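Here is the structure we will look at, set down as structure tokens.
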Amino acid sequence: MDALKNILNKVSARELSVPYPSKKEMDTIYRAALRAPDHAWLRPSSFIEVKDKGLEKLSSIFKKYAEEKNFKAEIIKKYKQAPFRAPMILILINTYKEHPKVPAIEQKLSTAASAQNIMLALNAMNYSSIWRTGKLAFNKDVQSELGLNDNQEILGYLYIGTETGKKKKVPEHDLDDFVSYL
Ligand SMILES: Cc1cc2nc3c(=O)[nH]c(=O)nc-3n(C[C@H](O)[C@H](O)[C@H](O)COP(=O)(O)O)c2cc1C
720 MDALKNILNK VSARELSVPY PSKKEMDTIY RAALRAPDHA WLRPSSFIEV
770 KDKGLEKLSS IFKKYAEEKN FKAEIIKKYK QAPFRAPMIL ILINTYKEHP
820 KVPAIEQKLS TAASAQNIML ALNAMNYSSI WRTGKLAFNK DVQSELGLND
870 NQEILGYLYI GTETGKKKKV PEHDLDDFVS YL
């Protein structure tokens, strides 16, 4: 796909189903992710790929969290179901490393840029995705269940697959609202 067309036409998708990317396609996607700008090459981004039985494991983790917080039954059910909204999920992990010139925010921005690279690479391969956060991101309990260290944080979940709903229209923007010139 033409590179600019790919960027200009990418929209997020809420209804996702199989097929999802193959192992070979995911390897390309991870390489795209790792080309995000990264001050001092600290490599803050990493990813947990969740599919098949992994979705059930993630569902159990979300359910356990909701139960321990004494959420209402309908919320527990919602969290338990959350991973099944797509056939594949990438958990976006940021690992903070202390550095004299690179504050934590820059490291998170780098991981955010890697997420955008992933979504664009997916779009170029005719897959779709959506970035979700909610209470399950930046969540110490879920992070600990996933075996993350104290310097690691979940910046979000990329839900991935093939769009089954109607593709959203790309919104129009008045550039004057967004751009000024000095
Ligand atoms: C950091 C971040 C967190 C987000 N969290 C959610 C979320 O929890 N639920 C949701 O419906 N959309 C969330 N979104 C928005 C969607 O990913 C998406 O950008 C939005 O639906 C607009 O669609 P578009 O990307 O096609 O313009 C989040 C976006 C970002 C950047």
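Quick note on numbering: the working numbering labels position 88 of the sequence shown as 807, and the sequence is numbered without any gaps.
Even for Gly, the Cβ is constructed at its ideal location relative to N, Cα and C.
These figures come from a predicted structure and were not determined experimentally.
{"query": "Backbone CA spacing between E817 and I795 [nearest angstrom]", "result": "37 angstroms"}
{"query": "Contact test: T747 Cβ vs ligand 1 heavy atom, cutoff 7 angstroms", "result": "no"}
{"query": "Sequence-distant residues of the same chain with beta carbon closer than 8 angstroms to F857, five excluded per side", "result": "E872, I873, L874"}
{"query": "8 angstroms Cβ cutoff met for N678 and T830", "result": "In the structure as shown, the chain begins at 720 and stops at 901. Residue 678 is therefore absent and cannot be evaluated."}
{"query": "Identity of the residue in G866, Q826, L841, I879 nearest D757 by Cα", "result": "Q826"}
{"query": "Three-state secondary structure assigned by DSSP to F766", "result": "strand"}
{"query": "Under the three-state DSSP convention, the category Y878 falls into", "result": "strand"}
{"query": "Range covered by the alpha helix (DSSP H) that runs through L777", "result": "772–787"}
{"query": "Any non-hydrogen atom of ligand 1 within 7 angstroms of G853 CB", "result": "yes"}
{"query": "beta-carbon V730 near ligand 1 non-hydrogen atom, thresh 7 angstroms", "result": "yes"}
{"query": "Contact the segment 783–797 vs the segment 746–754: 3+ CB pairs below 8 angstroms", "result": "no"}
{"query": "Local conformation of R750 per DSSP, three classes", "result": "helix"}
{"query": "CB contact below 8 angstroms: R750 versus chain D", "result": "Within the model displayed, chain D is absent; a lone protein chain is all it includes."}
{"query": "For S863, three-class secondary structure by DSSP", "result": "helix"}
{"query": "One or two residues paired with T830 in a DSSP bridge", "result": "Paired residues: none, contrary to the question."}
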